[in-house]
Amino acid sequence: DKLQWNSQGGRYDAASSKCTADVGCSEGTGSFADAFYAQVLAYSLGLGELLADPTKLDLHLAATAKLNCVHTNISTGALEEGCPNGLVIMTGRPLGTTDLQVWEMATYDH
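In terms of this note's numbering, the sequence shown opens at residue 276 and continues consecutively.
In structure tokens, the structure reads:
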């Protein structure tokens, strides 16, 4: 939690920087749509919660729905809200380095 949790954004960051031991990180970048795929596996296999504070999972999922639900307007090339094809894998990086691939979650048994 100290290295990834973004209390202002209510999510786990995809990457962190300017980190101090026992304090945490002052900068975070991006949001992965599949950050909690391990939780999907744990639920599917009957292992339960992976987090000490499950409310953070709810907050993170709400942030993911907001941040990763974007698409490219095919007419203008602009990034717009809405996810007609699914969630984008990662957001928060500069557009030149963001691939905007859609997350295609596999089931736990594949």
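Note that beta-carbon positions come from the ideal geometry of N, C-alpha and C, so glycine has one too.
Taking 9 Å as the threshold (C-beta atoms), are residue j and residue i in contact?
| i | j | result |
| --- | --- | --- |
| leucine 362 | tryptophan 378 | yes |
| phenylalanine 311 | methionine 365 | no |
| glycine 285 | leucine 334 | yes |
| glycine 299 | leucine 320 | no |
| threonine 329 | histidine 346 | One point to set straight first is that residue 329 is proline, not threonine, in the sequence displayed. Cβ distance not < 9 Å, so proline 329 and histidine 346 don't count as in contact. |
| glycine 367 | leucine 342 | yes |
| lysine 331 | aspartate 297 | no |
Residue i and residue j look like a contact to me (Cβ under 8 Å); what is the Cβ gap, rounded to whole Å?
| i | j | result |
| --- | --- | --- |
| alanine 327 | threonine 304 | At roughly 24 Å, the Cβ-Cβ gap does not stay under 8 Å, so alanine 327 and threonine 304 are not in contact. |
What residue range is occupied by the uninterrupted beta strand (DSSP E) comprising residue i?
| i | result |
| --- | --- |
| threonine 295 | 290 to 295 |
| valine 345 | 345 to 347 |
| leucine 354 | 354 to 356 |
| threonine 304 | 299 to 304 |
Mind checking which residues open and close the alpha helix (DSSP H) that includes residue i?
| i | result |
| --- | --- |
| serine 319 | 312 to 319 |
| alanine 340 | 330 to 342 |
Among residues of its own chain, excluding the 5 on either side of residue i, which ones have a beta-carbon nearer than 7 Å to its beta-carbon?
| i | result |
| --- | --- |
| serine 301 | Lys293 |
| leucine 375 | Thr347, Val363 |
Below 8 Å CB to CB, which residues in the same chain sit around residue i once its five sequence neighbours on both sides are set aside?
| i | result |
| --- | --- |
| glycine 323 | Ala317 |
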